[in-house]
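Numbering (the numbering used here), first residue to last: 4 to 365. All residues carry an ideal CB built from backbone N, CA and C; glycine is no exception. Treat the numbers as computed from the prediction; the structure is a model and nothing was measured. Contents: one structure, followed by commentary.
As structure tokens, this is what we get:
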């Protein structure tokens, strides 16, 4: 498996050279000054191969497309990231061999105990990682421009950002535009999948902090669920620090009329907790029976066709159902109201004003 990281290795940075062993230093969650292009040779076994060999291996792979994966907060390489990437790769291979190479971009999460402290430490690391991954995107562009005309790399690039990984992506695009580009970002991604996004729900609007994500993508699919418990914890963490905001992964875009026409809102409220009990946060892989889930199926179709399937084409909205049952679809408004009441009841114990704000954000 190929991967890119800005986590500092054990030992000095100078001691880590191309095609030499690499080891994560999990006690450090500050981003390194360097970016490491690596391979995972086995569990806990990694080699740094340098960007040129990395790009060459991507090009020579039999896969037709690339899916970059940016993980969420409090995710460690062997505990969370690599198993999830392996599961995602297996789902793609089972559906169609040689369609996708999944390549994780690993940024330094904290391994302290305590979700609130971890959240704020990881938020800082996410912002600081933008400089590193902006260099990675620029390296992709430089490599493509240097490819010989008679043998160019024609692989399409897609990107999947989960949870706080959306913050990494947002800040990466902003730093890339500010320091490396002359007049806006290029159209780099065929599909951008924002799953359970831990950024504000106005981010993709033209004046929003994430607008460059929409500029760099042919399609932007926002997958959201109002009863995502991990994002609820995120909101509580933000409220403790006097920051009140509605999350994109809870509501979808605040106003679909205010975002570009390549942005699509995909409601996953019907099954997120069934797939990932009890948090309802990591619902983009298998279902609760180990089969490809609804979000995976939807992403797969977008990757294959270059189009985003939506039932409501005018408003660019789509509801993913656990079961395609006409009665279930007909009673959807009642279902949403029940979900909102359940969310409100679960917030008992939080001061009333904060509780009301959080309820209306669901």
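Looking at the DSSP output, residue 42 bridges to 5 and 50.
Three or more Cβ pairs closer than 8 Å define a contact, and the segment 196 to 208 meets that threshold against the segment 282 to 297. For residue 103, there is no enclosing alpha helix (DSSP H); the residue is found in the beta strand (DSSP E) stretching over 103 to 109. When the beta-carbon positions are compared, residue 75 and residue 218 stay at least 8 Å from each other. Boundaries for residue 251: no beta strand (DSSP E) harbours it, while the alpha helix (DSSP H) harbouring it runs 251 to 254, taken from the DSSP string. Annotation for residue 8: 39, 41 and 109 place their beta carbon closer than 7 Å to its own, counting only its chain and skipping 5 residues before and after. Taking a C-beta distance under 8 Å as the contact criterion, residue 215 and residue 256 do not qualify as a contact pair. Closest in C-alpha terms to residue 92, from the list 77, 78, 71 and 81, comes 71. Annotation: the segment 110 to 176 contains the following complete segments of the beta strand (DSSP E) (minimum length 3 residues), in chain order: 159 to 165. In this structure, the straight-line span from the alpha carbon of residue 311 to that of residue 194 is close to 9 Å. Per DSSP, the unbroken beta strand (DSSP E) holding residue 198 starts and ends at 192 to 198. Straight-line spacing of the CA atoms in residue 48 and residue 23 works out to 11 Å. Under the three-state reduction of DSSP, residue 227 is assigned to strand. For residue 23, the enclosing beta strand (DSSP E) has its first and last residue at 23 to 25. Non-local C-beta neighbours of residue 174 in its own chain, meaning closer than 6 Å and more than five positions away in sequence, comprise 130 and 133, ordered along the chain. Rounded to the nearest angstrom, the gap between the Cα atoms of residue 277 and residue 290 is 8 Å. Looking at the DSSP output, residue 71 bridges to 106 and 162. Rounded to whole angstroms, the gap between the alpha carbons of residue 221 and residue 111 is 29 Å. Straight-line spacing of the CA atoms in residue 233 and residue 185 works out to 38 Å.
Looking at the backbone, the Cα of residue 83 and that of residue 107 are separated by about 12 Å. When secondary structure is reduced to three states using DSSP, residue 96 falls in the helix class.
Under DSSP, the beta-bridge partners assigned to residue 222 are 194. The straight-line gap separating the alpha-carbon atoms of residue 56 and residue 94 is approximately 27 Å. Taking 8 Å as the cut-off, the beta carbon of residue 265 is found no closer than this to the beta carbon of residue 325. Rounded to whole angstroms, the separation of the alpha carbons of residue 5 and residue 43 is 6 Å. With respect to the 8 Å criterion, residue 306 and residue 101 are not classified as neighbours on the basis of their beta carbons.
Rounded to whole angstroms, the gap between the alpha carbons of residue 147 and residue 187 is 18 Å. For residue 313, DSSP records no beta bridge to any residue.
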